[in-house]
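I have placed the structure first, in the form of structure tokens, so that the comments after it can refer back to it.
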Amino acid sequence: MTTTAHAHDHPPAANASSRVDARLLGIYIFIASEVMLFGSFFTAYFFARVIVAPETWPPEPFELPVYLALLNTIILMTSSFTMHWALQAIKRGSRAGLVAGLTLTFLLGLTFLLIQIREYTRIGFGPGDLAFGSSFFGLTGLHGAHVFVGLNLLAYALVRAVRGHYGPAAHDHLGVEIPGIYWHFVDVMWIVVYVTVYVL
Amino acid sequence: MRNPLRTEAEAFSFVLVVAVLFLAVALASALGGGRVALAMFLGLLIGVGAGIFLRSDPKKREPAVWERPAPPTERTIKE
């Protein structure tokens, strides 16, 4: 039987009552809130599509670039693979693998965003064109904003990785693990958005 | 409910599972239309959810960063 004694020269560490690491708990709660935000946008989309129910969807004469968005989907899914590769590399102690994985993930995410922006300029309708336009730009624009945030996280992690701040121990690469979790969440949301908006 | 984004590795697995599920839904939509796709989605959602719940074994989970480092002033008394 063991007993833990604490020195009494200072109060106990704050925000340490949960078994879950505070930084991980933070990203879990943040992702949960963003899922609810996406849920509200999907609700608006389905209301416009199912309840209002125009004769055709997308309404005439609008069309969606399904295959361009499919290319974007492949790009973003590949970035999830490179992100996973980066984490696996640092767990093995490979700083070069971590830097390479993060760099590839960042470049793929940036490519996705640039293609999305180009798609916006050439799609032929705007957010003010019926509920279809506003729900389309709302959903895809919200996702694009999340990709932008993810790119910022990746850039910060990449700079720290180049400087050698990360190590194989779990506590030593939490600064990569958390952006990794967020990036996979962004990928999952895009898969849902793509299939719901472009395919179905 | 189990957190699918508990670690980066589990989040990556979740991406793959979601991709496969929604690919099945997209194929159902292409072959059978909207109602078939909706039925496929609901069926997969219930089936996969039940499978994960029934097969989940907390002892086999990859450990996340659960343990917080003990403060330097903490000491353990063994009795």
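Just so you know, the sequences run in chain order C and W. Residue numbering for the first sequence is 42 to 241, as defined by this note's numbering. Residue numbering for the second sequence is 31 to 109, as defined by this note's numbering. C-beta atoms are modelled at their ideal positions from N, C-alpha and C, and glycine is treated no differently.
Would you list, in chain order, the members of the stretch 42-53 of chain W that have their beta-carbon closer than 7 Å to a beta-carbon of chain C?
Listed in chain order, the positions of the stretch 42-53 of chain W with a beta carbon within less than 7 Å of a beta carbon of chain C are F42, F44, V45, V48, A49 and F52.
Amino acids of chain W, ordered along the chain, whose beta-carbon sits closer than 8 Å to that of M118 (chain C)
Think of a sphere of 8 Å around the beta carbon of M118 (chain C): the chain W residues whose beta carbon falls inside it are V45 and A49, in chain order.
Coil, strand or helix - R201 (chain C) by DSSP:
DSSP, read as helix, strand or coil, puts R201 (chain C) in helix.
Would a C-beta distance cut-off of 7 Å place S59 (chain W) and L241 (chain C) closer than the cut-off?
Going by C-beta atoms, S59 (chain W) is nearer than 7 Å to L241 (chain C).
If the cut is a Cβ gap below 7 Å, which residues of chain C does V55 (chain W) touch?
Under the 7 Å cutoff, chain C gives V236.
Should the stretch 117-127 of chain C be called in touch with the stretch 77-96 of chain C, which here means at least 3 C-beta pairs below 8 Å?
Counting Cβ pairs under 8 Å, fewer than three are found: no touch.
Reference F173 (chain C), options C:I68, C:A63, C:M77 and C:F88, closest by Cα
Of C:I68, C:A63, C:M77 and C:F88, the residue nearest in Cα terms is C:F88.
Counting along the chain, where does the alpha helix (DSSP H) carrying P34 (chain W) start and finish?
Element bounds for P34 (chain W): n/a, residue is neither H nor E.
Same chain, Cβ closer than 6 Å to L139 (chain C), neighbours up to 5 away in sequence not counted:
Listed in chain order, the non-local C-beta contacts of L139 (chain C) below 6 Å within the same chain comprise A127, A130, I131 and A202, local neighbours out to five positions each way being set aside.
Span separating the alpha-carbon of Q157 (chain C) from that of A196 (chain C)
Cα to Cα, the separation comes out at about 20 Å.
With distance defined between alpha-carbon atoms, name the residue in C:V76, C:T84 and C:D62 nearest to W231 (chain C).
The candidate whose alpha carbon is nearest that of W231 (chain C) is C:V76.
Would the beta-carbon of V20 (chain W) fall within 7 Å of that of V229 (chain C)?
Since the first residue of chain W shown is 31 and the last is 109, residue 20 (chain W) is not available in this structure.
Run the CB neighbour count on L35 (chain W), radius 10 Å, all protein chains shown included, and call it buried at 16 or more, exposed below.
The residue in question, L35 (chain W), is buried, as its Cβ has 16 or more Cβ neighbours within 10 Å.
Please tell me whether L35 (chain W) has its Cβ less than 7 Å away from any Cβ of chain C.
Interface with chain C (7 Å Cβ-Cβ cutoff): L35 (chain W) is included.
Between the CA atoms of F178 (chain C) and G80 (chain C) - distance to the nearest angstrom
Computed Cα separation, rounded: 15 Å.
Could you tell me whether the Cβ atoms of A198 (chain C) and P168 (chain C) are closer together than 7 Å?
Result no, Cβ atoms of A198 (chain C) and P168 (chain C) do not sit closer than 7 Å.
Could you check if V107 (chain C) is buried or exposed, using at least 16 other CB atoms within 10 Å of its CB as the buried criterion?
Looking at its Cβ environment, which holds fewer than 16 other Cβ atoms inside 10 Å, V107 (chain C) is exposed.
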